[in-house]
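For the sequence shown, our numbering assigns the number 15 to the initial residue and increments by one for each residue that follows.
Each residue gets a CB set at the ideal place from its N, CA and C atoms; glycine is no exception.
Treat the numbers as computed from the prediction; the structure is a model and nothing was measured.
Comments concern the structure below.
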Amino acid sequence: MQEERNVWVHLLMTMISAAGLAASVWMTLPESERLMVRLTVKAWLHKNLHQSARRAGRAGMGAELHEHTPTAIASYSLAYRLSRWRDSL
Numbered sequence: 015m016q017e018e019r020n021v022w023v024h025l026l027m028t029m030i031s032a033a034g035l036a037a038s039v040w041m042t043l044p045e046s047e048r049l050m051v052r053l054t055v056k057a058w059l060h061k062n063l064h065q066s067a068r069r070a071g072r073a074g075m076g077a078e079l080h081e082h083t084p085t086a087i088a089s090y091s092l093a094y095r096l097s098r099w100r101d102s103l
């Protein structure tokens, strides 16, 4: 029991240290590099949200063709929410 607790404490300390390191590196980056990182992450999110929305929409169409309405509604709703999130970026 004590060993398991020590593992979690060590994991928590490692995560806090990594977050502190990331924050200090972020603050030392020039503004232009910070902008490039933000734009890269935004482009990656946009691409993945687009692909996920497309997949959910196609799953909804497949469920609709198989006349399984509850699954189709859920898939269409997910596709709509993902595409709205993508468009808000």
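The beta-carbon separation of Leu103 and Leu59, rounded to 6 angstroms, stays under the 8 angstroms limit for a contact.
One thing to note: Arg48 has its Cβ within 8 angstroms of the Cβ of Trp40. Between Ala70 and Ser89, the CB-CB gap stays under 8 angstroms. Contact annotation: Arg100 and Leu43 have beta-carbon atoms that are not nearer than 8 angstroms. By the C-beta density criterion, Gly74 is buried, having at least 16 other C-beta atoms within 10 angstroms.
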